[in-house]
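Here the structure comes first, spelled out in structure tokens, and everything after it is commentary.
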Amino acid sequence: MSEMPAAPGAVIVISSHVIRGSVGNRAAVFALETLGHRVWALPTVILPWHPGHGRSTRVVMPDADFQSIMDDLANAPWAGEVRAVLSGYLGSPAQAEGVLRLVAALRERNPDLVYACDPVIGDANGLYVPAEIAAAIRDRLLPLATLATPNRFELAWLAGAALETNQAILDAALGLGPSRVLVTSAIPMMSGGTGNLYLSGRHALLAEHRLIDDPPNGTGDLLSAVFLARLLQGLSEERALQMATASVFEIIARSRKRGADELTLEQDASSLATPMAMVQMRRLMHPSQMRPK
Numbered sequence: 001m002s003e004m005p006a007a008p009g010a011v012i013v014i015s016s017h018v019i020r021g022s023v024g025n026r027a028a029v030f031a032l033e034t035l036g037h038r039v040w041a042l043p044t045v046i047l048p049w050h051p052g053h054g055r056s057t058r059v060v061m062p063d064a065d066f067q068s069i070m071d072d073l074a075n076a077p078w079a080g081e082v083r084a085v086l087s088g089y090l091g092s093p094a095q096a097e098g099v100l101r102l103v104a105a106l107r108e109r110n111p112d113l114v115y116a117c118d119p120v121i122g123d124a125n126g127l128y129v130p131a132e133i134a135a136a137i138r139d140r141l142l143p144l145a146t147l148a149t150p151n152r153f154e155l156a157w158l159a160g161a162a163l164e165t166n167q168a169i170l171d172a173a174l175g176l177g178p179s180r181v182l183v184t185s186a187i188p189m190m191s192g193g194t195g196n197l198y199l200s201g202r203h204a205l206l207a208e209h210r211l212i213d214d215p216p217n218g219t220g221d222l223l224s225a226v227f228l229a230r231l232l233q234g235l236s237e238e239r240a241l242q243m244a245t246a247s248v249f250e251i252i253a254r255s256r257k258r259g260a261d262e263l264t265l266e267q268d269a270s271s272l273a274t275p276m277a278m279v280q281m282r283r284l285m286h287p288s289q290m291r292p293k
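Mapping to UniProt numbering: the sequence shown position 112 is 112, numbers consecutive.
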């Protein structure tokens with residue numbers, strides 16, 4: 001049975017733009033549009049390719065221009081079309097203030113606006129943005145977010161704690177602020193696996209799949225966009241998590257099989273729409289069910 005078509009409305013996506021590759025906005029916009037959502041895309045920085053491929057020119061949108069564009073979007077005659085905002089990689093602390101003002105203005109028109117914050121600040125090697133940007137995302141944007149999608153290492157920095165167990169991840173997610181938190185690179189329960197851990201008011205879920213070594217960049221950007229798209233479609237949280245995890249796993253596997261150094265999204269639209277990969281879903285003990293001894 002095919003999924004229901006996406007509801008009308010637009011998603012504003014605010015993240016990095018690479019000329020070659022499938023990270024940041026290049027991943028998120030493709031995924032959202034493939035799943036039937038209209039997208040307004042705003043680049044925070046422009047790069048020839050992902051920095052992991054080597055040094056390159058980096059153009060950050062000037063703060064004043066960025067804020068002017070945010071004001072334009074907030075006051076646009078079509079602003080009422082916007083159902084959701086997704087922010088990712090930011091190029092300066094002031095860009096966080098711009099996103100904050102845009103979300104606040106749009107929520108005045110539409111109190112049900114979904115704001116998904118992907119705090120793209122680091123990985124297992126530590127922060128790869130200046131600490132001032134990471135702090136601005138933590139202090140200014142996460143308190144506004146409906147959904148946050150950090151990886152485990154980003155959540156550890158945001159929470160100021162080492163996260164070596166899924167219980168520790170759940171506790172940190174509960175204290176993060178947003179009512180829904182999706183954490184990538186969670187602790188797997190199956191050998192040779194990796195997982196996405198999801199916490200909301202109702203659910204503590206772990207979606208696991210086989211770990212693929214040396215995946216291309218952009219998987220976090222892709223997962224955030226696909227999961228948001230599925231929630232906007234009206235899927236249950238559990239179904240949205242399962243489908244989003246399956247899509248990203250399938251695309252990683254196919255990209256690696258081709259020997260590609262980037263996600264091969266253009267060849268894998270079917271993996272976004274109708275993923276076939278197997279995902280192990282587990283229900284975990286919700287932190288609210290834990291009682292102090």
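Yeah, the Cβ is synthetic: ideal placement off N, Cα and C, and Gly gets one too.
- Within the model, the alpha-carbon separation for Arg107 versus Leu113 is close to 6 Å.
- In the three-state reduction of the DSSP assignment, Trp40 falls in the strand class.
- Taking all protein chains in view, the Cβ of Ala131 is surrounded by fewer than 16 other Cβ atoms within 10 Å, so the residue is classified as exposed.
- Per DSSP, Gly193 lies in no alpha helix (DSSP H); the unbroken beta strand (DSSP E) holding it starts and ends at Gly193 to Leu199.
- When secondary structure is reduced to three states using DSSP, Asp123 falls in the strand class.
- In this structure, the beta-carbon distance from Leu147 to Leu199 does not fall below 8 Å.
- Contiguous beta strand (DSSP E) elements confined to the region 67 to 92 occur at 82 to 87, taking only those with 3 or more residues.
- Following the DSSP letters along the chain, one finds Ser185 inside the beta strand (DSSP E) bounded by residues Arg180 to Ala186.
- One thing to note: Thr219 has its Cβ within 8 Å of the Cβ of Val248.
- DSSP places Arg210 inside the beta strand (DSSP E), whose first and last residues are Ala204 to Arg210.
- With respect to the 8 Å criterion, Leu144 and Leu155 are not classified as neighbours on the basis of their beta carbons.
- Counting the other CB atoms within 10 Å of its CB gives Asn217 a total of 16 or more, which places it among the buried residues.
- Cβ contact annotation for Phe30 (same chain, cutoff 6 Å, sequence separation greater than five): Leu265, in chain order.
- In summary, Trp78 is exposed, with fewer than 16 beta-carbon neighbours lying within 10 Å of its beta-carbon over all protein chains present.
- The shortest C-alpha to C-alpha distance from Val82 to any of Arg152, Gly9 and Gly24 is the one to Gly9.
- In this chain, the beta strand (DSSP E) harbouring Arg282 covers Gln280 to Arg283.
- Here the region 56 to 68 does not lie against the region 25 to 41, with fewer than 3 beta-carbon pairs under 8 Å apart.
- Between Ser92 and Ile133, the C-beta spacing is below 8 Å.
- The three-state secondary structure of Asn110, taken from DSSP, is coil.
- Around Glu33, the same chain offers Val39 as residues with beta carbons nearer than 8 Å, after the five sequence neighbours per side are excluded.
- Proximity of the region 93 to 105 to the region 66 to 80 meets the contact definition, three or more beta-carbon pairs being nearer than 8 Å.
- Comparing alpha-carbon positions, the option among Leu241, Asp118 and Gly177 lying closest to Phe153 turns out to be Asp118.
- Taking the Cα positions, His17 is about 9 Å away from Tyr89.
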